[in-house]
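Q:
Residue numbers (this note's numbering), protein chains in the order written: chain U, 76 to 334; chain X, 823 to 1088.
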């Protein structure tokens, strides 16, 4: 069974047609990267899968079930690590467990275990404002993984941290998600990030009425180190190939290049 | 520390200037003299009935105003058509100096405590209405979405997002409201009354008793500062998650050590 199946998905915001017939499929445990020009509708696609946006036409299935709203099988990590500022790191991670009926004690123990796994042992009592950007990302990751989603949607998850922290996060993220066997749909602006993390990379066309124009198979196996994989011989040509497709779409947006 | 020093210098200078007759001690009695008047007022027990009346009026206005303002803000935030009527009215009330309504309340409610409670209530209610109303409208949509995608329903969204963000606004509104509650009570008494600190003030003024006037002002300020401190501590505890209220806990800047070093990952 595929983790995610999207057929002929169309989304409209008022008179603006954002998505014009997107087809996409994601296998169990697979990492799929989605790249495309800014504003093309990548995030909208993600929000459709998350059940936060109602599509105009087409359908979205997660593990064979049509999406009707936020589902416990789907975890979401957005660019802004929207942790509750009035909850400590531990309470934030425990939150989704509590929503699913875990006792406070059980939720706390599991939250502590997850904080340890993301490398934040001893930071359970800190409020988000007391943590660095990278640490907040880790809390958000622990929060979303704690309930063991089978599909993880990520929208520019590592965008707002510096390059070094970002690489460390990518490495840890790959390890944790691979251990859990979660399928991942990763939206990003960064080609190299998509290629270094994913099994396949899909390129989306410029909007309006965006579609998937090409899907690239990434030949590196997993587990892999997403930082050192960039030094492999095949990496450069892959970046060029994906960029050539993407470039055409970016050029279609016009203003993007002149900006 | 510099504040204590500044206050000491100010009071010391005043004392000196008044005793050396650089300032007319009839108009500017020395702080020690004012302190003596306060001591006498308290020792003789003369001030207590008035003190009790004013504090009762202010607290009644504070409690009723907070309750009503918060409830109204809550309902308006949830029900648009009502907000369109109430909000402009509140904005108008907010713009005018509300104490000009004091004479009206005396006519309507008499010179007893009721007219003072009403004025105090009105002053507080407007502040708390805006605190609650804005608090609800400023709720971060991303947090609502976050809680929903983590599996929270309507009740969880209210409990985890709405309640904490609104209480943050209400807590800061309360501090302003305390001052307003006393303004309402004292000004109301000043306009027309037979008891209360405002009544004593008005008496002191009509007899040109500067020492008594200053003593009463000091008493009112003292009570407000005490309440301010109380509400301030409550706020600091309640909003301890905010960076500006953070206890002096070191902010960890360093990256946490990862469980497994990166090199070991294939």
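Even glycine gets a Cβ: it sits at the ideal position worked out from N, Cα and C.
Kindly list the residues whose CB is nearer than 8 angstroms to the CB of residue 1081 of chain X, restricted to its own chain and excluding five residues on each side of it in sequence; keep chain order.
A: Position 259 of the second chain, counted from the first residue, corresponds to residue 1081 of chain X. For residue 1081 of chain X, the predicted model reports a pLDDT of 40, less than 50, meaning its position is unreliable; a value from the coordinates is still stated below. Result list for residue 1081 of chain X: empty, nothing under 8 angstroms.
Q: Which chain X residues are close to residue 177 of chain U, counting only those with a beta carbon under 8 angstroms from its beta carbon?
A: Mapped onto the first chain, residue 177 of chain U falls at position 102. Correct list: empty, because the minimum Cβ distance to chain X is about 11 angstroms.
Q: Under 8 angstroms between the Cβ atoms of residue 301 of chain U and residue 280 of chain U?
A: For this step, residue 301 of chain U is matched to residue 226 along the first chain. For this step, residue 280 of chain U is matched to residue 205 along the first chain. Contact: no.
Q: Mind reading off the beta-carbon distance from residue 186 of chain U to residue 165 of chain U? Whole number of angstroms is fine, and I expect it under 8 angstroms.
A: Locating residue 186 of chain U in the first chain gives position 111, where the first residue counts as 1. Locating residue 165 of chain U in the first chain gives position 90, where the first residue counts as 1. Yes, residue 186 of chain U and residue 165 of chain U are in contact; Cβ-Cβ is about 5 angstroms, under 8 angstroms.
Q: Measuring CB atoms only, is the region 165–180 of chain U touching the region 243–250 of chain U, in the sense that at least three cross pairs come out at less than 8 angstroms?
A: The region 165–180 of chain U, when compared against the region 243–250 of chain U, does not touch it at the 8 angstroms Cβ threshold.
Q: Could you name the residues of the same chain whose beta carbon sits closer than 8 angstroms to that of residue 1054 of chain X, not counting the 5 residues immediately before and after it, in chain order?
A: Locating residue 1054 of chain X in the second chain gives position 232, where the first residue counts as 1. The answer, listed in chain order, is 997.
Q: For residue 926 of chain X, which three-state DSSP category applies?
A: Locating residue 926 of chain X in the second chain gives position 104, where the first residue counts as 1. Residue state, collapsed to three classes: helix.
Q: Excluding the five sequence neighbours on either side, which residues of its own chain have a C-beta within less than 8 angstroms of the C-beta of residue 836 of chain X, listed in chain order?
A: Within the second chain, the letter at position 14 stands for residue 836 of chain X. Only 845, 850, 852, 853 meet the Cβ criterion.
Q: Of the residues that make up the region 154–188 of chain U, which ones have a beta carbon closer than 7 angstroms to any beta carbon in chain X?
A: Hits within the stretch, in order: 155, 157, 159, 160, 161, 170, 171, 174, 175.
Q: Taking DSSP's pairing of strands, which residues face residue 106 of chain U in a bridge?
A: For the purposes of this step, residue 106 of chain U is identified with residue 31 of the first chain, where counting begins at 1. Paired residue(s): U:259.
Q: Checking 8 angstroms against the spacing of the C-beta atoms, do residue 985 of chain X and residue 966 of chain X come in under that value?
A: Translated into positions along the second chain, residue 985 of chain X becomes position 163. Translated into positions along the second chain, residue 966 of chain X becomes position 144. Not in contact: residue 985 of chain X and residue 966 of chain X (Cβ atoms no closer than 8 angstroms).
Q: Exposed or buried, what is residue 1015 of chain X when buried is set at 16 or more other beta-carbons lying within 10 Å of its beta-carbon?
A: The residue you call residue 1015 of chain X lines up with position 193 of the second chain. So residue 1015 of chain X counts as buried.
Q: Run through the DSSP bridge pairs and tell me what residue 292 of chain U is partnered with.
A: Position 217 of the first chain, counted from the first residue, corresponds to residue 292 of chain U. U:275, per the DSSP bridge assignment.
Q: With DSSP as the reference, identify every bridge partner of residue 87 of chain U, one or two as the case may be.
A: Mapped onto the first chain, residue 87 of chain U falls at position 12. Residue 87 of chain U pairs with U:92.
Q: So which residues of chain X does residue 202 of chain U contact, with C-beta pairs closer than 9 angstroms?
A: Within the first chain, the letter at position 127 stands for residue 202 of chain U. In chain order: 1062, 1063, 1064, 1065, 1068.
Q: What are the start and end residues of the beta strand (DSSP E) that includes residue 134 of chain U?
A: The residue labelled residue 134 of chain U in the question sits at position 59 within the first chain. 132–137 is the span of the beta strand (DSSP E), which, as asked, contains residue 134 of chain U.
Q: May I ask which residues mark the beginning and end of the alpha helix (DSSP H) holding residue 149 of chain U?
A: Translated into the one-based positions of the first chain, residue 149 of chain U becomes position 74. Counting along the chain, residue 149 of chain U falls outside any alpha helix (DSSP H), though it belongs to the beta strand (DSSP E) covering 149–152.
Q: From this set, X:1047, X:1017, X:1024, which residue's C-alpha is nearest residue 869 of chain X's C-alpha?
A: For the purposes of this step, residue 869 of chain X is taken as the residue at position 47 of the second chain. When only C-alpha atoms are compared, the closest one is X:1017.
Q: Please compile the residues from chain U whose C-beta is within a distance smaller than 9 angstroms of the C-beta of residue 957 of chain X.
A: Translated into the one-based positions of the second chain, residue 957 of chain X becomes position 135. Chain U residues near residue 957 of chain X: none, gap ~13 angstroms exceeds 9 angstroms.
Q: Using Cβ-Cβ distances below 7 angstroms, what residues of the region 963–978 of chain X are close to chain U?
A: Listed by position, the residues of the region 963–978 of chain X near chain U (Cβ gap below 7 angstroms) are 964, 965, 967, 968, 970, 971, 972, 973, 974, 978.
Q: Could you work out which residue in X:865, X:840, X:893, X:823 is closest to residue 952 of chain X when comparing CA atoms only?
A: Mapped onto the second chain, residue 952 of chain X falls at position 130. Closest option to residue 952 of chain X, Cα to Cα, is X:893.
Q: In terms of DSSP beta bridges, what is residue 97 of chain U paired with?
A: As a working note, residue 97 of chain U is residue 22 in the first chain. Bridge partners of residue 97 of chain U: U:84.
Q: Measuring only the C-alpha atoms, how far is residue 177 of chain U from residue 116 of chain U?
A: For this step, residue 177 of chain U is matched to residue 102 along the first chain. For this step, residue 116 of chain U is matched to residue 41 along the first chain. Whole-angstrom Cα-Cα distance: 36 angstroms.
Q: For residue 269 of chain U, which three-state DSSP category applies?
A: Numbered from 1 along the first chain, position 194 holds the residue referred to as residue 269 of chain U. Helix, per DSSP.
Q: In the structure shown, what three-state DSSP assignment does residue 247 of chain U receive?
A: The residue labelled residue 247 of chain U in the question sits at position 172 within the first chain. Here residue 247 of chain U sits in helix by DSSP.
Q: Who are the Cβ neighbours of residue 143 of chain U in its own chain at under 8 angstroms, not counting the five residues just before and after it?
A: By one-based count along the first chain, residue 143 of chain U stands at place 68. Correct list, in chain order: 126.
Q: When DSSP builds the beta bridges, which residues end up paired with residue 910 of chain X?
A: For the purposes of this step, residue 910 of chain X is taken as residue 88 along the second chain, with counting starting at 1. DSSP, once it has assigned bridges, lists no residue as partnering residue 910 of chain X.
Q: Tell me, please, whether the CB atom of residue 919 of chain X is closer than 8 angstroms to any CB atom in chain U?
A: In the second chain, counting from the first residue as 1, residue 919 of chain X sits at position 97. Taking Cβ atoms only, chain U never reaches closer than 8 angstroms to residue 919 of chain X, which makes this a no.
Q: Along the region 121–141 of chain U, what residues have a CB closer than 7 angstroms to any CB found in chain X?
A: So the list reads 125, 127, given in the order they occur along the chain.
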